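Each remark here refers to the structure printed beneath this line.
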Amino acid sequence: MKRNIWRAAAAVLAAALVAVIPACGGSGGGGSGRAGKVRVAIVTNVADPFWDICQAGAVKGAADFDLDVTFKQPAEMVVKTQMDIVDDLTKVGIKGLAVSVINPKEQTPKLKAIAQDLPLNNFLTMDNDAPESGRLCYVGVDNYEAGKEVGRMVKATLPNGGTLALFIGSTDSDNGVKRVAGVLSELAGKDVRSEVAAGKYEAKYGGFTLHRSQPITDGGDKNKAAANAGDTLEQLKGTPNLVFVGLYAYNPAKILEAARTKGMAGKVKIIGFDEDTVTLDGIDKGEIVGSVSQDPYNYGYETVKWLRHTIDGKDKKQLPQDPTPFSLVTKDGGAPVKRTVSVNGVQKEIEVKQRKASEYSKLVQDAYAAAKAAK
Amino acid sequence: MNEKVKFGAALGGGFAVAAGVWFATHTYHDPKDHLPAPWSEATLTAWFIAAAVAVGVLAYSFELTRRNLQRLAGVTLLLGGLLAALGYSGHQKVQENEPLIDTLTSRIERLQREGNTAEATDLREQVVKLQQNPAFGRTNVFEKLNRHGEYGILCIGAGLLILAGGIDLSVGSLVGLAAVLFGVLVEKGVHPFLALPAVLAVGGTVGLIHGLMVTQVRVQAFLVTLCGMFVYRGLARTISPGSPGMVRAQEVWPDFSAPLMQLRQWLTGIGADERLGFPGVFVLMLVLAAVAAVFLHRSAFGRYWYAIGYNEQAARYAGVTVWRHKVAVFAVCSLLAALAGVIRFLGAGSVTPSSEGQSFELYAITAAVLGGVSLKGGEGTAVGMVLGALVLPVVNTLMNFAKIPSEWEPWLIGLILLFGTVADELIRRSRGGR
Amino acid sequence: MSTPLIEAVGVRKQFPGVLALDGVNCRVNRGEVLAIVGENGAGKSTLMKVLAGVYQPDGGEVRLNGEPVKFPTPQAAMRAGVSLIHQELNLAENLSVLDNLFLGREPTVGGPLRLLDRRGTIAAGRRLLERVGLPPDDLSRTVGELAPGQKQLVEIARALGLDAKLLIMDEPTSSLTQKETDRLYAVIDDLKAGGVSVMYISHRLAEIKRCCDRAVVLRDGKNAGELTKAEITHDNLVRLMVGRDLKSFFPRTRPPVPADTPPLLELSGLTYRNGPPHTVSLAVRPGEVLGMAGLVGAGRTELSEAVFGLRPVTGGSITLEGKPLRIRRPGDAVRAGVLLVPEDRRAHGLVLEQSVGFNLSLPNLGRLSTGLLIRPRDEAKLHAEGIASLRVKTPSARQAVGLLSGGNQQKVVFGKWLARGPKVLILDEPTRGVDVGAKTEIYALIDDLAARGVAVWMITSDMEELLGVSDRVVVMHEGRLAGELARSQLNEEAVMRLATGAS
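Chains as they are written, first to last, in my numbering: chain A, 345 to 719; chain B, 15 to 448; chain C, 116 to 618.
As structure tokens, then:
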């Protein structure tokens with residue numbers, strides 16, 4: 345019986361070892377390999393392929409700017425989960441932090457305290473901004489303007505108007521409201537931001553009828569997104585001048601997959617957002633008109649760049665004040681186009697990059713591979 | 015042993031443990047870890063005494079039998095290993111700082127030789143800070159204890175229920191519903207001090223319904239609460255399609271600002287300046303665990319729950335009104351889930367209806383099992399539940415401390431928990447005879 | 116002497132803390148029925164399990180046809196022709212009788228397709244059922260819906276299907292009715308005639324005398340003696356088993372209860388949910404032991420459960436000490452002092468995994484508590500008194516009750532009620548699975564309780580016990596009272612006549 349006890353104790357110690365080994369391997373390896381490197385952290389809002397691309401950019405940035413970057417993707421989009429990770433990371437002596445804020449209004453007070461405690465207040469927001477949090481700068485596109493770009497693409501595809509079905513994960517999040525408002529404002533020719541924020545929609549925006557008079561949401565559930573797209577395709581079968589717009593990364597992909605199974609691919613116009621693999625493939629095949637990309641790889645790279653900037657004690661005035669420009673993904677790409685957008689309330693002309701889908705797809709695949717290698 | 019002597023010893027031990035933690039965490043004093051303004055010494059003392067008494071009652075209620083100790087052996091060893099790993103990963107951080115410390119030390123020596131004592135003292139403080147193991151810094155310990163408290167509250171509820179032969183899969187959804195409901199009520203203009211009991215009442219009622227469905231309609235608990243899991247998640251999303259939050263509520267009702275802050279301070283220990291002054295959730299959990307321990311190990315209720323968990327029929331044949339006890343335990347489980355939900359809302363400031371508290375029911379069950387509660391019912395101790403609930407927060411912290419990639423976390427956590435349960439089972443079997 | 120079929124030579128088996136077998140010798144000849152007798156804990160079951168390959172001996176050896184053998188698994192033993200019929204029936208309750216008979220060795224056709232040979236199976240199954248006296252229609256019934264006696268016969272039929280050379284039966288008749296038992300004896304006689312050997316564990320001495328050729332008596336894991344058929348007598352067996360003479364098997368110190376004593380508990384016109392259509396009326400007087408006889412399924416247990424509040428009463432009335440008593444749940448009965456020692460003590464009487472003390476305290480916690488808290492000192496006193504007064508053999512009150520022998524377990528069940536001070540004690544098969552030594556102690560306890568004015572209502576299928584302990588006997592047949600016998604009228608035939616419904 346004594347022997348059994350020891351055997352059991354050995355089993356528990358083995359269990360503990362499992363915990364210790366990664367602890368040694370992770371930071372021990374880091375200790376020798378990255379000794380002396382300054383550690384910074386990036387915390388996203390949720391785990392997503394979008395962030396894998398971003399991570400690849402961050403890894404590249406880490407190499408270029410000689411930083412040790414911890415990149416964390418929380419398992420679920422919950423404030424507490426994200427802040428628990430942030431709390432932990434601030435204890436291990438990071439010299440800079442960037443966060444994709446889930447709920448800017450509610451997280452601002454706590455983020456303010458965290459920003460105060462960080463060395464040199466080196467705190468950035470990315471992807472989703474919390475302007476009052478004391479962040480030094482924001483790395484990310486203006487979602488309203490990106491939405492307007494989608495609207496422009498819709499108008500260019502169907503100049504005489506038609507029926508529009510709008511798919512999005514959620515209209516509660518800040519970026520969701522802004523993207524929807526951007527699309528609809530562009531179509532209506534007037535600013536409908538406050539109406540959209542209040543959840544008020546009209547049946548018609550410019551020459552376009554909004555199907556169900558509201559965006560169709562799925563709460564981030566990709567299965568539901570697929571079901572939504574399929575059901576709507578059934579309902580609208582035979583309607584002329586049909587355009588489906590998907591505003592979260594997975595939405596255009598799910599629309600395309602549904603259209604393919606129903607033999608409607610190419611017949612229904614699909615316009616998307618972001619760079620899901622399926623979306624890029626669809627653009628390349630001509631099944632999707634195009635997509636507006638936030639360029640997540642660039643997010644990752646830029647974020648690391650500006651974190652380093654502050655660590656080096658360089659002038660904070662050089663930090664970017666304007667949103668990051670978005671880019672266009674189309675079948676054939678082309679020269680950059682000029683767009684007049686509102687930047688911090690001022691009308692400005694900016695250049696929008698056009699990417700060729702097949703080339704961009706390769707870039708994204710490389711990014712995935714790089715991110716995977718970094719893990 | 016004389017009961018009074020034992021009680022005194024346990025209480026004294028409780029104070030000793032609490033004081034030890036207190037002083038240990040104070041030694042690593044961080045200049046930025048200042049005591050937040052809203053904290054008076056009186057409040058802190060009250061918390062401290064509550065924690066010490068709770069530890070004392072827990073120790074006193076724990077029956078020192080071989081079987082009970084055996085049930086704790088696995089989790090204690092696992093926790094020991096995990097804490098050692100955590101400490102080690104913190105220690106590595108200190109090692110990383112060594113070159114910097116060396117540079118600073120030589121600078122201090124130079125400054126002292128030059129007679130610049132003021133600057134030297136400043137630098138020395140900085141060096142002391144760099145030499146600290148961040149894993150055992152005060153704020154870090156307090157934060158982790160608070161997280162432990164949150165899991166612990168759920169684990170006590172789930173543990174009591176499993177012990178009495180039930181199961182509740184709706185805990186996670188109910189945490190979400192309670193958190194959202196509290197936010198929505200406050201946003202709708204219900205005073206926070208009224209919203210808290212209202213949410214707790216809703217939680218208790220939900221548990222009552224579970225219990226009645228199980229005992230009177232004779233539907234299996236697994237099924238009832240599985241359906242509940244979907245229902246409460248749906249309800250949470252229905253009553254608030256957006257994310258309710260404290261800032262939004264205070265904008266609509268400026269009057270609620272003060273009571274909300276007060277409630278947050280009492281329940282979580284976070285001051286108005288957003289800083290954690292004392293692990294309030296942890297203390298609350300300790301007090302709840304102490305109450306559970308008294309019920310479980312020192313009162314007739316606990317005996318009945320153990321009997322029901324092992325052999326419901328035998329309890330019935332002994333004249334115990336089984337259904338009433340089962341309903342009560344279901345109600346307690348749901349009530350504690352609702353409490354955890356409110357604490358989550360207060361602690362995070364905002365909650366996500368669609369995924370707040372997701373899979374917490376499984377965390378609670380795992381914690382209870384690690385703490386020696388048998389899924390078959392009839393086994394478990396209050397101390398075990400408290401220890402079991404500590405595993406997951408420590409593992410999570412370790413993941414962030416040891417630079418483990420996010421995608422590794424789920425399988426690492428799964429493996430560690432598996433090892434814990436297997437080891438526990440081996441220990442039990444080696445002493446159980448069969 | 117010819118080579119025995121199977122032989123155990125100096126077999127030792129050690130369990131944590133217990134030496135279950137200490138050099139036991141035992142042999143079984145071909146076509147012989149051997150009884151293994153001994154108190155619970157004497158090592159009978161362990162010996163059988165060693166022979167059947169469930170346990171491996173720590174010392175000594177098992178010889179089959181004179182050759183040393185090792186059975187690593189029960190399957191290996193079965194292949195060698197040794198089949199064990201377990202005390203706890205080992206049937207898949209959710210499957211049909213037919214499926215159970217051929218479980219794990221289903222006859223198949225179609226080669227690798229392994230299609231079930233339905234027709235062949237059914238024919239073979241019918242033959243097996245016929246041998247144990249079950250109707251062939253039972254083949255398609257689900258085992259779960261059979262009576263315990265029928266299940267036992269199915270279990271035996273299954274072993275017969277395996278062409279066993281040695282059949283080991285662990286208390287095969289403990290849940291059989293008289294008719295089924297007789298059938299079993301006939302089956303055993305058949306087997307014997309066919310050259311099959313049988314090893315037989317039983318507590319029923321009359322049974323051993325009826326069908327065994329020889330008896331080996333074990334005590335404390337050692338051979339205590341051996342009796343030839345002629346020597347098998349009640350006294351001889353008991354002497355060898357207990358190691359001493361029993362003064363009186365059925366002590367009786369209580370005075371007779373006068374016939375005009377008002378009853379303590381009275382049932383009149385009682386009916387209960389899902390019960391028989393008949394009403395039942397009976398009365399138990401203080402200081403009296405009322406025996407209740409009847410065949411399995413006569414509704415005795417159900418009636419007692421209705422009185423104890425486990426089955427809802429739908430009509431009639433229960434009177435306690437002349438006052439009407441309303442019982443909705445067991446708690447009501449317990450508070451009123453009407454207490455039940457249930458038939459299935461492992462499932463209903465005890466929380467086996469918990470300690471002796473836990474079980475003794477369970478129904479008495481209200482009395483032991485001040486406010487919320489239990490008074491530890493009073494509880495310890497209760498445990499000490501319970502263990503001492505009932506002579507429960509346990510290392511301490513903390514010992515898990517499931518580790519005690521059947522007799523000591525039953526004493527704990529008694530003990531938890533005695534601490535409450537019973538008015539009416541309903542005993543349902545109080546000595547089932549209890550060894551001889553503990554039996555006398557329990558009989559003495561019943562006598563003592565009755566002497567102190569407790570009304571005892573004892574349901575039993577053990578004829579010896581019924582005749583030896585009861586002051587008065589009522590017999591149930593198919594849910595109603597078939598008749599009543601005063602002590603002076605008591606004899607086995609009278610009881611059986613009433614129990615079988617013969618007029």
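By construction, the Cβ of each residue, glycine as well, lies at the ideal position given by its N, Cα and C atoms.
Just so we're clear, the structure is a prediction, and the values are computed from it rather than from any experiment.
Judged by DSSP in its simplified three-state form, Leu454 of chain C adopts strand. Note that the C-beta distance between Ser184 of chain B and Gly242 of chain B is below 7 Å. With respect to the 7 Å criterion, Val213 of chain B and Phe374 of chain B are not classified as neighbours on the basis of their beta carbons. Counting along the chain, the unbroken alpha helix (DSSP H) around Pro206 of chain B starts and ends at Pro206 to Thr229. One Cα belongs to Asp432 of chain A, the other to Val681 of chain A, and the distance between them is close to 44 Å. A straight-line Cα-Cα distance of about 57 Å links Gly363 of chain B and Leu455 of chain C. Secondary-structure assignment with DSSP links Ala717 of chain A through no beta bridge to anything.
Gln171 of chain C counts as exposed, since fewer than 16 other C-beta atoms from the protein chains shown sit within 10 angstroms of its C-beta. For Asp471 of chain A, the number of other beta carbons within 10 angstroms of its own is at least 16, and it is reported as buried.
In this structure, DSSP gives Gln84 of chain B a helical state, which the three-state scheme calls helix. Within the model, the alpha-carbon separation for Trp650 of chain A versus Thr388 of chain A is close to 17 Å.
Taking a contact as a CB-CB distance under 8 Å, the pair Val428 of chain C and Leu467 of chain C does not count as one, their CB atoms being some 30 Å apart. Following the DSSP letters along the chain, one finds Gln469 of chain C in no alpha helix (DSSP H), marked with neither H nor E. Among the residues facing chain C, Thr219 of chain B is not included, as its CB has no counterpart in that chain under 7 Å away.
In the three-state reduction of the DSSP assignment, Pro445 of chain C falls in the helix class. Your pair Val372 of chain C and Asp586 of chain C checks out as a contact, with CB atoms roughly 6 Å apart and the cut at 8 Å. For Met193 of chain C, the enclosing alpha helix (DSSP H) covers residues Pro189 to Arg194. Per DSSP, Phe76 of chain B is not a residue of any alpha helix (DSSP H), being assigned neither H nor E. Using a C-beta cut-off of 8 Å, the region 198 to 206 of chain B makes contact with the region 262 to 274 of chain B, since at least three inter-stretch Cβ pairs fall below that distance. Excluding its 5 nearest sequence neighbours in each direction, Arg319 of chain C has C-beta neighbours in its own chain below 7 Å: Thr288, listed in chain order. Taking a Cβ-Cβ cut-off of 7 Å, the neighbours of Gln327 of chain B in chain C comprise Ala462 and His463, given in sequence order. Neighbours of Phe473 of chain C in chain B, taken as residues whose beta carbon is under 9 Å from its own, are Arg317, Tyr320 and Ala321 in chain order. Nearest CB-CB separation between Gly259 of chain B and chain A: below the 7 Å threshold. Bridge partners of Ile615 of chain A according to DSSP: A:Val589 and A:Gly634.
Against Thr335 of chain B, the close residues of chain C are Arg444 and Gly446, in the order they occur along the chain (beta-carbon pairs closer than 7 Å). For Gly392 of chain B, the neighbours in chain C by C-beta distance under 9 Å run, in chain order, Val466, Glu468 and Gln469.
Here His592 of chain C is bridged, per DSSP, to C:Arg595. In the DSSP assignment, the residues bridged to Val382 of chain A are A:Leu411. Taking 8 Å as the upper bound for CB-CB distance, Val411 of chain C and Thr575 of chain C are not in contact here, some 12 Å apart. Taking 8 Å as the Cβ-Cβ cut-off, the region 190 to 202 of chain B has no residue approaching chain A.
When the five nearest sequence neighbours on each side are left out, the beta carbons in the same chain lying within less than 6 Å of the beta carbon of Ala193 of chain B are those of Gly355, Arg358, Phe359, Val365 and Glu370, in order along the chain. Taking a C-beta cut-off of 8 Å against chain B, the contacting residues of the region 436 to 464 of chain A are Val436, Gly437, Ile446, Asn447, Lys449, Glu450, Gln451, Thr452, Pro453, Lys454, Lys456, Ala457 and Asp461, listed in chain order. Fewer than three Cβ pairs drawn from the region 434 to 441 of chain C and the region 464 to 479 of chain C lie within less than 8 Å of each other, which leaves the two stretches out of contact. Inter-residue distance for Gln638 of chain A and Gly495 of chain A is about 16 Å (C-alpha atoms, whole angstroms). When the Cα atoms are used, Gly486 of chain C and Val71 of chain B turn out to be separated by approximately 17 Å. Membership of Phe511 of chain A in any alpha helix (DSSP H) is not indicated; the residue belongs instead to the beta strand (DSSP E) covering Gly506 to Ile512.
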